[in-house]
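Quick note: the sequence shown uses the working numbering, first residue 198, plus one each step.
Think of the CB as a built atom: it goes at the ideal place given N, C-alpha and C, for glycine as much as any other residue.
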Amino acid sequence: MERAKAAGHGGGDYFEVLDFVDAVKGNRPCPIDIDAAMDMTLPGLISQQSILETGRWIDVPDSRNW
């Protein structure tokens, strides 16, 4: 746990990297699938675009429909 704390963000980054490495090695599936990842990423990207457009409302697309 000390290594996790030293990695920052309360250990969150450390465990995310471990999960990713385990998935790449084929030890277990990624705990966050592509849909969940897009659900967490797209709102931030859309908010940046909204900021650039003086706060204009922009709907967040559902990547499942692409």
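Among the options, the one whose alpha carbon lies nearest that of residue i
i    : options                : result
G241 : I231, V257, G223, C227 : V257
D232 : W263, E250, R200       : W263
A234 : I248, F217, G208, S247 : F217
Span of the alpha helix (DSSP H) around residue i
i    : result
V221 : 209 to 221
P240 : 231 to 249
Backbone CA spacing between residue i and residue j [nearest angstrom]
i    : j    : result
K202 : D210 : 9 Å
K190 : E213 : Because residue 190 is not part of the residues shown, which for the chain are 198 to 263, the question remains open.
S260 : A220 : 22 Å
N224 : D230 : 16 Å
As assigned by DSSP and simplified to three states, the class of residue i
i    : result
A203 : helix
R253 : coil
R273 : Since the first residue shown for the chain is 198 and the last is 263, residue 273 is missing from the structure and cannot be characterised.
Cβ of residue i within 7 Å of any chain B Cβ
i    : result
I231 : The structure shown contains no chain B, having only a single protein chain.
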